[in-house]
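full-length UniProt numbering puts the first residue of the sequence shown at 1, with every later residue one more than the last. Where a beta carbon is used, it is the ideal one built from N, C-alpha and C, also for glycine.
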Amino acid sequence: MNYLNDSLPHYPGLADRIRPFFTLSYPAPTPRNTNVFPQWQHYEKGALDVCFVLTWVIVFSVFREAVMSYVLAPIARRLLYGHRTAAPANSNGNKATPTDGIGNGHALHQHSKREQDRRERMVTRFSEQGFIFIYYVSYWSFGMYIWANSPWAPFNPDEFYRGYPHTPLPAPIKFYYLTQLAEWCHQVIILNIEARRKDHWQMFSHHIITIALMVTSYVSNFTRVGTMILLLMDFCDFVFAAAKMFRYVGFNTAKDVTFVFFLISWFVTRHVLFGAVIWSVYHDLPRFIPYRWSPSNGLYMTRPALAGFISLLVALQVLLLLWFYMIIVVALRVVSGQGAEDVRSDEEDE
């Protein structure tokens with residue numbers, strides 16, 4: 001960040017004040033014998049991390065609007081409209097006009113307007129899901145990079161807790177955690193400023209539980225298990241987004257195939273593997289970490305703290321089970337030949 005000092009010669013101290021908004025704060029020496037990213041700079045945690053999160057909330061907001069407006073919406077319109085604008089055709093194949101018959105023109109015009117509005121809603125939905133797809137593919141890949149370089153890969157839960165407290169954090173994990181937290185805060189904002197869907201309060205509860213889990217695990221030095229949970233959750237999100245994108249542009253076969261894959265991956269990652277993580281927190285964590293409250297030493301484990309952490313994980317699992325039931329309903333539609341329809345959140349509240 002020396003470039004900040006060089007570019008602000010008339011504002012002494014300003015670079016130091018704005019640095020936390022653009023770089024990770026609290027650099028620290030690399031711990032001896034660390035087995036996670038020993039080659040990377042390490043960082044402690046502190047209040048200035050909030051500044052970094054705020055910056056990334058803004059970054060994601062701007063990036064989302066730019067990508068939706070200038071990349072995804074044009075793609076959706078091209079797929080929905082092709083090379084021509086939307087207009088219904090009359091019986092002889094020509095474009096309909098308001099003079100195509102007494103009383104007929106108005107009806108055709110109304111039909112054209114409704115069809116145009118419907119397609120534009122599909123453009124908006126496609127763009128929204130396109131951003132979700134881009135984000136979760138990117139962060140699932142980032143999470144896989146962390147997982148592949150971790151001692152808990154492929155699935156060794158003991159390494160979530162061995163050597164606790166895991167501080168300072170290597171740069172990739174701190175950046176991953178804080179930017180993921182920023183996106184979840186960004187999603188809460190979007191959820192409350194855009195038109196409400198039928199499952200608004202379920203989604204809002206999910207986001208708040210997720211943010212609470214991320215903040216508490218970050219502060220209390222349980223980021224190892226936190227990164228694993230985020231990795232498990234992110235996979236289904238981009239698969240589901242892909243299925244919805246196929247739906248909005250009318251690729252029904254691709255939609256149904258992707259939905260079946262999503263159904264399987266949801267069950268495996270969010271109920272089998274995530275269930276195993278919850279069991280590990282309940283069963284394995286107390287074997288490695290003594291009950292001791294000493295924030296100055298990075299120790300935050302007490303029986304009430306563990307009970308609260310497990311309660312949040314179980315609450316998240318209950319919400320996921322509710323959604324899984326709704327997904328099964330959709331799967332039965334596919335089996336019966338009705339096609340996959342999203343019963344969670346496509347429709348707005350009336």
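Residue i in three-state terms, based on DSSP
i: L48; result: coil
i: T99; result: Because the pLDDT at T99 is just 48, under 50, the model does not fix this residue reliably, and the value given afterwards should be weighed accordingly. DSSP places T99 in coil when its eight states are reduced to three.
i: R78; result: helix
i: R197; result: strand
i: P20; result: helix
i: A15; result: helix
i: F155; result: coil
i: G337; result: coil
i: L150; result: In the sequence on display, residue 150 carries Ser and not Leu. Residue state, collapsed to three classes: coil.
i: N192; result: helix
i: Y325; result: helix
i: S220; result: coil
i: N35; result: coil
i: D284; result: coil
i: Y164; result: coil
i: F251; result: coil
In DSSP terms, what residue i is bridged to
i: P170; result: H42
i: Y300; result: W293
i: A28; result: H42
Beta-carbon proximity list for residue i, same chain, < 6 Å, skipping 5 on both sides
i: L316; result: I209
i: D237; result: Y136
i: R64; result: F131
i: T227; result: I146
i: residue 370; result: The structure shown does not extend to residue 370, since the chain is modelled only from 1 through 350, so no value can be given for it.
i: L319; result: H206
i: V57; result: A182, C185, H186
i: T55; result: F21
Cβ neighbours of residue i in the same chain (closer than 8 Å, five flanking residues each side left out)
i: L72; result: F126, S127, G130, F131
i: S69; result: S127
i: G275; result: Q317
i: residue 353; result: Outside the modelled stretch of the chain, which goes from 1 to 350, sits residue 353, for which no answer is possible.
i: M122; result: A76, L80, Y248, V249
i: F280; result: The sequence given here has Ser at residue 280, not Phe. Answer for S280: P157, F160, V225, listed in chain order.
i: S61; result: H186, I189
i: P31; result: H42, P168
Residues near residue i in its chain [Cβ-Cβ closer than 7 Å; skip 5 each side]
i: L312; result: I209, A212, L213
i: Q41; result: P27, A171
i: N94; result: Note that N94 scores 47 on pLDDT, short of 50, meaning its location in the model is unreliable; the coordinates nonetheless yield the value given after this. So the list is empty, once near-sequence residues are dropped.
i: Y139; result: Q180, D234
i: I327; result: L263, W266
i: T302; result: Y291, W293
i: P165; result: N221, G298, L299
i: P20; result: L48, C51, F52
i: F175; result: L24
Nearest-angstrom Cβ-Cβ length linking residue i and residue j, presumed shorter than 8 Å
i: F288; j: T216; result: Not really, about 18 Å apart at Cβ, beyond 8 Å.
i: L285; j: Y161; result: 5 Å
i: K45; j: Y282; result: Wrong, their Cβ atoms sit about 25 Å apart, outside the cutoff.
i: V67; j: I134; result: 7 Å
i: T223; j: I173; result: 6 Å
Cβ-heavy atom distance, residue i to the ligand ADP, below 8 Å
i: R270; result: Among the ligands in the structure shown, none appear at all, so the ligand ADP cannot be discussed.
- Inter-stretch contact (C-beta, 8 Å, three-pair minimum) for the stretch 205-217 and the stretch 174-189: Three or more Cβ pairs drawn from the stretch 205-217 and the stretch 174-189 lie within less than 8 Å of each other, which places the two stretches in contact.
- Message: Whether or not the stretch 125-135 and the stretch 245-257 are in contact is what I'm after, with contact meaning three or more pairs of Cβ atoms, one per stretch, closer than 8 Å; do they touch?
- Response: Taking 8 Å as the limit for Cβ pairs, the verdict is that the stretch 125-135 does touch the stretch 245-257.
- Should the stretch 134-151 be called in touch with the stretch 224-233, which here means at least 3 C-beta pairs below 8 Å? As far as the Cβ criterion goes, the stretch 134-151 touches the stretch 224-233, which means the pair count is three or higher.
- Item | Segment contact, 8 Å Cβ cut-off, at least three pairs: the stretch 162-170 with the stretch 34-48 | The count of Cβ pairs closer than 8 Å, one atom from the stretch 162-170 and one from the stretch 34-48, reaches three, so the stretches are in contact.
- Query: When the Cβ atoms of the stretch 49-56 are set against those of the stretch 15-25, are three or more pairs found closer than 8 Å?
  - Reply: Taking 8 Å as the limit for Cβ pairs, the verdict is that the stretch 15-25 does touch the stretch 49-56.
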